[in-house]
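Working notes, beginning with the structure itself.
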DNA sequence: AATTTAGTTCATTAATTACTGAACTTTATA
DNA sequence: TATAAAGTTCAGTAATTAATGAACTAAATT
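And the structure:
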């Protein structure tokens with residue numbers, strides 16, 4: 001196993017922890033460590049020794065999650081892939097979305113059972129406030145990053 | 001199916017999206033929606049109609065991730081569980097940890113291949129800077145929350 | 001000391017998720 | 001209009017992950 005191959009496996013395992021298929025993580029690992037600006041479907045298939053089906057499915061998964069993006073080369077009908085940069089902001093947006101979903105789940109759950117001064121309701125309300133705080137802060141973080149980047 | 005049971009399934013599915021076993025998500029759903037401050041192992045087992053093994057394994061999973069905590073009642077040797085509140089900060093800490101892990105993966109990957117002014121290196125460096133930004137901001141967010149809470 | 005309680009462990013089984021490979025679609029050359 | 005290229009789709013299979021249930025441990029009660 002070359003150092004690069006080991007690296008790719010490592011990245012695959014890293015992403016597996018966060019619920020992505022290992023192959024999707026390995027695609028990211030390849031895109032980070034490859035020796036070229038232009039990485040095609042077949043490059044991935046060959047480097048990762050995987051089937052077309054698996055590469056196709058995982059590329060589309062990563063595209064849907066805005067983790068990679070496709071680019072083309074004039075006079076060439078292959079597609080090339082790279083880690084997404086336009087959509088860095090999506091990391092925060094995705095986080096914001098999950099925060100706001102969980103906030104709703106909590107709020108809904110608070111409607112069940114128990115009187116309003118039970119310990120549990122106090123506890124859950126505090127958690128709810130924390131999520132509300134995060135929900136407010138995420139867009140501010142995004143703005144902060146954008147401003148920092150305009151200056152650069 | 002009662003409204004509460006439906007709610008519990010819903011929470012289970014929500015957490016499944018984020019890589020938890022469904023049963024772990026259902027435990028959280030029960031803890032949010034139950035009618036009591038004190039929810040025991042057996043309450044969970046009965047309400048969720050699951051085996052002791054599954055409840056035990058998933059409770060420990062949630063405890064390890066600081067998503068729930070155990071509390072006791074004097075003169076009672078059962079354990080009771082509730083959603084974690086002391087460790088709300090862990091949401092940010094966990095996020096910070098994954099950000100910093102990924103930052104390292106990227107930095108490592110940049111060591112492979114290509115000359116330093118390739119498009120890819122420029123691209124990855126920009127992503128790296130974004131992660132560095134997030135890495136700096138997470139602790140600030142934590143401080144902001146703590147200060148807001150002292151004032152309250 | 002025997003029994004009960006509270007939970008853990010782990011082998012087996014069930015359920016889910018991912019991968020393969022062959023057939024297919026679509027667009028572009030020859 | 002045939003052939004090829006680039007990828008997609010999907011049925012079948014492989015691999016992984018989760019749940020069950022019975023046997024077990026450790027502590028408390030009779």
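Chains as they are written, first to last, in the working numbering: chain A, 1 to 152; chain B, 1 to 152. Note that CB positions come from ideal geometry on N, CA and C, so glycine has one too.
Give the straight-line distance between the Cα atoms of residue 11 of chain A and residue 81 of chain A, rounded to the nearest whole angstrom.
Those two C-alpha atoms are separated by around 17 Å.
Beta carbons nearer than 7 Å to chain A: which residues of the stretch 114-143 of chain B have them?
Within the stretch 114-143 of chain B, the residues whose Cβ lies closer than 7 Å to some Cβ of chain A are 114, 118, 119, 120, 123, 124, 126, 127, 130, 133, 137, 141, listed in chain order.
Which same chain residues end up closer than 6 Å to residue 26 of chain B when comparing Cβ atoms and leaving out the 5 residues on each side of it in sequence?
Correct list, in chain order: 8, 12, 48.
Span separating the alpha-carbon of residue 115 of chain B from that of residue 121 of chain B:
So the two alpha carbons sit approximately 8 Å from each other.
Going by DSSP, name the residue or residues bridged to residue 83 of chain B.
DSSP, once it has assigned bridges, lists B:68 as partnering residue 83 of chain B.
Against chain B: residues of the stretch 28-41 of chain A by CB proximity under 8 Å
Residues of the stretch 28-41 of chain A with a Cβ closer than 8 Å to any Cβ of chain B, in chain order: 29, 32, 33, 34, 35, 36, 37.
How many angstroms separate the CA atom of residue 106 of chain A from the CA atom of residue 68 of chain B?
If I take the Cα positions, the gap works out to 14 Å.
Tell me the rounded alpha-carbon separation between residue 22 of chain B and residue 76 of chain A.
For residue 22 of chain B and residue 76 of chain A, the distance between alpha carbons rounds to 45 Å.
Determine contact between the stretch 131-148 of chain B and the stretch 133-142 of chain A, defined as no fewer than three beta-carbon pairs at a distance below 8 Å.
Yes, since at least three Cβ pairs between the stretch 131-148 of chain B and the stretch 133-142 of chain A fall closer than 8 Å, the two stretches touch.
Contacting positions in the stretch 52-83 of chain B - beta carbon closer than 7 Å to chain A:
So the list reads 82, 83, given in the order they occur along the chain.
Beta-carbon proximity list for residue 129 of chain A, same chain, < 6 Å, skipping 5 on both sides
No residues qualify anywhere along the chain.
Answer yes or no: does any C-beta atom of chain B fall closer than 7 Å to that of residue 147 of chain A?
Not one chain B Cβ lies under 7 Å of residue 147 of chain A.
Which residue wins for smallest C-alpha separation from residue 60 of chain A, given the options A:33, A:46, A:74, A:28?
Of the listed residues, the one whose Cα sits closest to residue 60 of chain A is A:28.
List the residues of chain B whose Cβ lies closer than 7 Å to the Cβ of residue 105 of chain A, in chain order.
Counting only Cβ-Cβ distances below 7 Å, residue 105 of chain A has contacts in chain B at 11, 14, in chain order.
Minimum Cβ-Cβ distance from residue 150 of chain B to chain A less than 7 Å
It does not: the Cβ of residue 150 of chain B has no partner Cβ on chain A nearer than 7 Å.
Starting from residue 105 of chain A, follow its DSSP beta bridges and name the residues at the other end.
Residue 105 of chain A is bridged by DSSP to nothing; it lacks a bridge partner.
Starting from the beta carbon of residue 109 of chain B, find every residue of chain A whose beta carbon is closer than 8 Å, and list them in chain order.
Under the 8 Å cutoff, chain A gives 7, 11, 29, 32, 33.
Does any C-beta atom of chain A lie closer than 7 Å to the C-beta of residue 25 of chain B?
By this cut-off, residue 25 of chain B is not an interface position.
So the candidates are B:65, B:32, B:74; which of them puts its Cα closest to the Cα of residue 19 of chain B?
Comparing Cα-Cα distances from residue 19 of chain B to each of B:65, B:32, B:74, the minimum goes to B:65.
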